[in-house]
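Accompanying notes for the structure given below.
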Amino acid sequence: MTDPTALPLDLSAADSQGPLDDRKFWQRLPVKVWVGLAIVLIYVLIAVFAPLLAPHDPLAIDPANKLASPTGDHLLGTDELGRDVLSRLLYAARVDLPIGFLGALMPMVLGTILGALAGFYGRWTDTLVMRTADVVQAFPAYILVIVLVFALGQGAKSILVAFTVLAWVVYARIIRGEVLRIRDLDYVHAARVAGLGRLRILRAHVLPNAINQTLIYLPSDIVFATLALAAFSFLGLGIPPPTPEWGAMIAEGQPFIRTNWWLATIPGLIIVVFGLGVSLIGEGFEERLHG
Amino acid sequence: MSDRILEVEDLSVTLERGGKEITPVQNVSVSLGRGEALGIAGESGCGKSLTLKSIIGLLPPGAIVGGDLRFALDREEPISYESADVHGHGIAIIFQEPMTALNPTMRVGDLIAEGPKIHHGLDRREARERAIELMRLVGIPSPEKRARMWPHQLSGGLRQRVMIAAALSTEPKLLLCDEPTTALDVSIQDQILGLLQELRTRLDMSIIFVSHDLAVIGELCDRIAIMYAGQVVEKGPVDEVFADPKHPYTEALMHSVPSFQQTTEKLEGIEGAPPDPGSFPDGCRFAPRCRYVRDDCATASYALVQIGERRETGCIHPELLEGIGS
Numbered sequence: 006m007t008d009p010t011a012l013p014l015d016l017s018a019a020d021s022q023g024p025l026d027d028r029k030f031w032q033r034l035p036v037k038v039w040v041g042l043a044i045v046l047i048y049v050l051i052a053v054f055a056p057l058l059a060p061h062d063p064l065a066i067d068p069a070n071k072l073a074s075p076t077g078d079h080l081l082g083t084d085e086l087g088r089d090v091l092s093r094l095l096y097a098a099r100v101d102l103p104i105g106f107l108g109a110l111m112p113m114v115l116g117t118i119l120g121a122l123a124g125f126y127g128r129w130t131d132t133l134v135m136r137t138a139d140v141v142q143a144f145p146a147y148i149l150v151i152v153l154v155f156a157l158g159q160g161a162k163s164i165l166v167a168f169t170v171l172a173w174v175v176y177a178r179i180i181r182g183e184v185l186r187i188r189d190l191d192y193v194h195a196a197r198v199a200g201l202g203r204l205r206i207l208r209a210h211v212l213p214n215a216i217n218q219t220l221i222y223l224p225s226d227i228v229f230a231t232l233a234l235a236a237f238s239f240l241g242l243g244i245p246p247p248t249p250e251w252g253a254m255i256a257e258g259q260p261f262i263r264t265n266w267w268l269a270t271i272p273g274l275i276i277v278v279f280g281l282g283v284s285l286i287g288e289g290f291e292e293r294l295h296g
Numbered sequence: 393m394s395d396r397i398l399e400v401e402d403l404s405v406t407l408e409r410g411g412k413e414i415t416p417v418q419n420v421s422v423s424l425g426r427g428e429a430l431g432i433a434g435e436s437g438c439g440k441s442l443t444l445k446s447i448i449g450l451l452p453p454g455a456i457v458g459g460d461l462r463f464a465l466d467r468e469e470p471i472s473y474e475s476a477d478v479h480g481h482g483i484a485i486i487f488q489e490p491m492t493a494l495n496p497t498m499r500v501g502d503l504i505a506e507g508p509k510i511h512h513g514l515d516r517r518e519a520r521e522r523a524i525e526l527m528r529l530v531g532i533p534s535p536e537k538r539a540r541m542w543p544h545q546l547s548g549g550l551r552q553r554v555m556i557a558a559a560l561s562t563e564p565k566l567l568l569c570d571e572p573t574t575a576l577d578v579s580i581q582d583q584i585l586g587l588l589q590e591l592r593t594r595l596d597m598s599i600i601f602v603s604h605d606l607a608v609i610g611e612l613c614d615r616i617a618i619m620y621a622g623q624v625v626e627k628g629p630v631d632e633v634f635a636d637p638k639h640p641y642t643e644a645l646m647h648s649v650p651s652f653q654q655t656t657e658k659l660e661g662i663e664g665a666p667p668d669p670g671s672f673p674d675g676c677r678f679a680p681r682c683r684y685v686r687d688d689c690a691t692a693s694y695a696l697v698q699i700g701e702r703r704e705t706g707c708i709h710p711e712l713l714e715g716i717g718s
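So the sequences go chain by chain: A and B. The opening residue of the first sequence carries number 6 in this note's numbering; numbering runs sequentially from there. The opening residue of the second sequence carries number 393 in this note's numbering; numbering runs sequentially from there.
Structure follows, in structure tokens:
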């Protein structure tokens, strides 16, 4: 597109030649991102509409009909208390997804704030934050979760607190490194010379440029949080029964792996596919940003 | 009322490098009149950029600044200032690399609008209009459209104009230019120089222009200060200095610049390399590379001596110089 007022030598046609044009960014995303987004969207829809989709009450016990094989009424059979497995799997999405997402987002927010302060203000702020990070990283994760579960009681809250306390460290390190690099770039200097306040510079000029790196890390952390929740539940440290949760369902189904193999296998597969979907999104974005 | 807008007196910058203290800028004194353009020239590492950055307080953490910096914002005598006093009030800066000098996550219109929003209390819409006005002032075609663009969508020349517009948004009386044309190709370089020249007269703005490119300084500046090894070795009006250098280093620099007229003569480089700030030689710092060197040069202490009406040189034997023509 030519611009009649453009200076002849100014190569003004370079408008929109940029590699990351708004619309083109989405158009040029790799297929794997779309596949991943589709998978995650299906999981989200299942979580939202679980009450409509589930054929039975996930908590309704029917001892007379326990450990039933799949039938027309119970598409995936029943568990050892006679509860409908399909309904429990659907309802479990309402527990696992929010904890998976929040379990990654909360550490990201905390880590981003602490890492940014450490990198931008330096001196004792930096020392305090980074030494705390060292201590957290040296601490055995499972011990901390056990302590928190004892202190706060079993449940989603303890799990999220534990994830936040443990996982912010990685985000803080990423952000601190980026902030240290960015705060000496010319545009930050220019903002200082323009007389902008320090917080304004941090918020508008440093953070938006530092955050890309954490966004690439976020999907793998969501996968990690989901898997960790399953692992904690499997060990009895997670969501207390009778609330349906995929990790707990694996644990409950494990004794019957020879007779009713699907009880433990299907929730396992569900977690794997979810992790795959989220990972595909993360990988695709990373390729797009670095490629 | 004074004609002076900036006075730099006996400036020195001390940094720590590898556990050792180095002083890459020493005894630098320059002054600048209202509406005047001063060029600071020299090889990379001569301290010209550090000198510029100390005027606005952009030195790396831990740097120690000695000497006195005085700035006159209104029609008054220049007074000593802290860098925070002039941030957003009176002094602005533009940089060499237009890609790293513009925040990639901000639309250029918003970027330019930031200064007016904070310093003049304009609301969003007013600041936007001011940004478009500034973009028009620096010659950006269809500014309404381009205000919504991201820096990477603009060409190098336009990016440089955006940087200038952002610098002008705080209505500075002094614009510091850190090699702003070095990264541009020659035709765009010319346009940017022309723009700076025009803005300078239109806005009655003073300019300090740091560059290794003598031709660029010759085009824009009234006076020039040549720096070598952290010191100013020669000062004076640009045309006089270029026509008749009074310091062997200036002369050598002139000889190393290719020109269209010069077809037969071989281009002369300067023997040796500029000294490292960690090991400046005693006496005259240029002596080891100087073709006119005499015995007393090794013990000469640094001082700028007045020659003629408006010239100063750091050389103790300016009479030995043969001049450019020879």
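C-beta: ideal position from N, C-alpha, C; glycine also.
{"Check": "Quick one: does asparagine 495 of chain B have its CB under 8 Å from some CB of chain A?", "Outcome": "yes"}
{"Check": "Which chain A residues sit within Cβ distance under 8 Å of alanine 728 of chain B?", "Outcome": "For residue 728 of chain B there is no data in the structure shown, the boundaries of chain B being 393 and 718."}
{"Check": "Whose Cβ in chain A lies nearer than 9 Å to the Cβ of glycine 410 of chain B?", "Outcome": "What glycine 410 of chain B touches in chain A: nothing, since even the nearest Cβ is about 19 Å away."}
{"Check": "Which residues in chain A sit within 8 Å of alanine 484 of chain B, going by Cβ to Cβ distance?", "Outcome": "Val198 and Ala199"}
{"Check": "Is leucine 424 of chain B closer than 8 Å to isoleucine 600 of chain B when the C-beta atoms are compared?", "Outcome": "yes"}
{"Check": "With 8 Å as the threshold, decide whether the Cβ of isoleucine 456 of chain B is near any Cβ in chain A.", "Outcome": "no"}
{"Check": "With a threshold of 8 Å between beta carbons, is isoleucine 584 of chain B in contact with chain A?", "Outcome": "no"}
{"Check": "Going by CA-CA distance only, name the one from B/Glu435, B/Arg396 and B/Ile524 that's closest to valine 422 of chain B.", "Outcome": "B/Arg396"}
{"Check": "Quick one: which chain A residues come within Cβ less than 8 Å of threonine 492 of chain B?", "Outcome": "Leu190, Asp191 and Tyr192"}
{"Check": "Check whether the Cβ atoms of glycine 252 of chain A and alanine 269 of chain A sit closer than 8 Å, and answer yes or no.", "Outcome": "no"}
{"Check": "Within the 8 Å Cβ cut-off, does glycine 210 of chain A reach chain B?", "Outcome": "Note on residue identity: the sequence assigns histidine, not glycine, to residue 210 of chain A. True, the Cβ-Cβ gap to chain B drops below 8 Å."}
{"Check": "Which whole-angstrom value describes the C-beta separation of aspartate 614 of chain B and valine 630 of chain B, a residue pair presumed to lie in contact below a C-beta threshold of 8 Å?", "Outcome": "6 Å"}
{"Check": "Compute the distance between the beta-carbons of arginine 520 of chain B and glycine 501 of chain B, then report whether it is under 8 Å.", "Outcome": "yes"}
{"Check": "Could you give the first and the last residue of the continuous beta strand (DSSP E) run that contains tyrosine 620 of chain B?", "Outcome": "615-620"}
{"Check": "Would you give the residue range spanned by the alpha helix (DSSP H) that arginine 178 of chain A belongs to?", "Outcome": "161-187"}
{"Check": "Would you identify the three-state DSSP class for threonine 443 of chain B, choosing helix, strand or coil?", "Outcome": "helix"}
{"Check": "Name the DSSP beta bridge partners of glutamate 401 of chain B, please?", "Outcome": "B/Asp460"}
{"Check": "Looking at the structure shown, is histidine 544 of chain B part of a helix, part of a strand, or coil, going by DSSP?", "Outcome": "helix"}
{"Check": "Which one or two residues does DSSP pair with glycine 425 of chain B in a beta bridge?", "Outcome": "B/Arg396"}
{"Check": "Of the residues B/Ser404, B/Leu712, B/Arg409 and B/Leu451, which one's Cα is nearest the Cα of alanine 476 of chain B?", "Outcome": "B/Leu451"}
{"Check": "Just the Cα atoms here: how many angstroms apart are valine 417 of chain B and alanine 433 of chain B?", "Outcome": "14 Å"}
{"Check": "Do you know how far the Cα of glycine 120 of chain A is from the Cα of glutamine 159 of chain A?", "Outcome": "30 Å"}
{"Check": "What residues are listed by DSSP as bridge partners for glutamate 408 of chain B?", "Outcome": "B/Glu413"}
{"Check": "With DSSP run on the structure shown, which of helix, strand or coil describes glutamate 724 of chain B?", "Outcome": "The question about residue 724 of chain B has no answer, for chain B in this structure spans 393 to 718."}
{"Check": "Tell me, which residues are paired with isoleucine 599 of chain B by DSSP?", "Outcome": "B/Ala429 and B/Leu567"}
{"Check": "Taking 8 Å as the CB-CB limit, is asparagine 265 of chain A close to chain B?", "Outcome": "no"}
{"Check": "With DSSP as the reference, label glutamine 488 of chain B as helix, strand or coil.", "Outcome": "coil"}
{"Check": "For proline 669 of chain B, count neighbouring Cβ atoms within 10 angstroms of its own Cβ and tell me buried if that reaches 16, exposed if not.", "Outcome": "buried"}
{"Check": "How many Å lie between valine 530 of chain B and leucine 285 of chain A at the Cα?", "Outcome": "45 Å"}
{"Check": "Glycine 480 of chain B touches chain A at which residues, Cβ-Cβ below 8 Å?", "Outcome": "Val198, Ala199, Gly200 and Leu201"}
{"Check": "Going along chain A, which residues have a C-beta under 8 Å from isoleucine 448 of chain B?", "Outcome": "Val198"}
{"Check": "Should proline 145 of chain A be labelled buried (16 or more other beta-carbon atoms within 10 Å of its own) or exposed?", "Outcome": "exposed"}
{"Check": "Terminal residues of the continuous alpha helix (DSSP H) containing arginine 719 of chain B?", "Outcome": "Outside the modelled stretch of chain B, which goes from 393 to 718, sits residue 719 of chain B, for which no answer is possible."}
{"Check": "Can you tell me whether lysine 71 of chain A is helix, strand or coil according to DSSP?", "Outcome": "coil"}
{"Check": "In angstroms with no decimal places, state the Cα-to-Cα distance between phenylalanine 54 of chain A and arginine 188 of chain A.", "Outcome": "46 Å"}
{"Check": "Could you name the residues that DSSP lists as bridge partners for arginine 703 of chain B?", "Outcome": "B/Ile699"}
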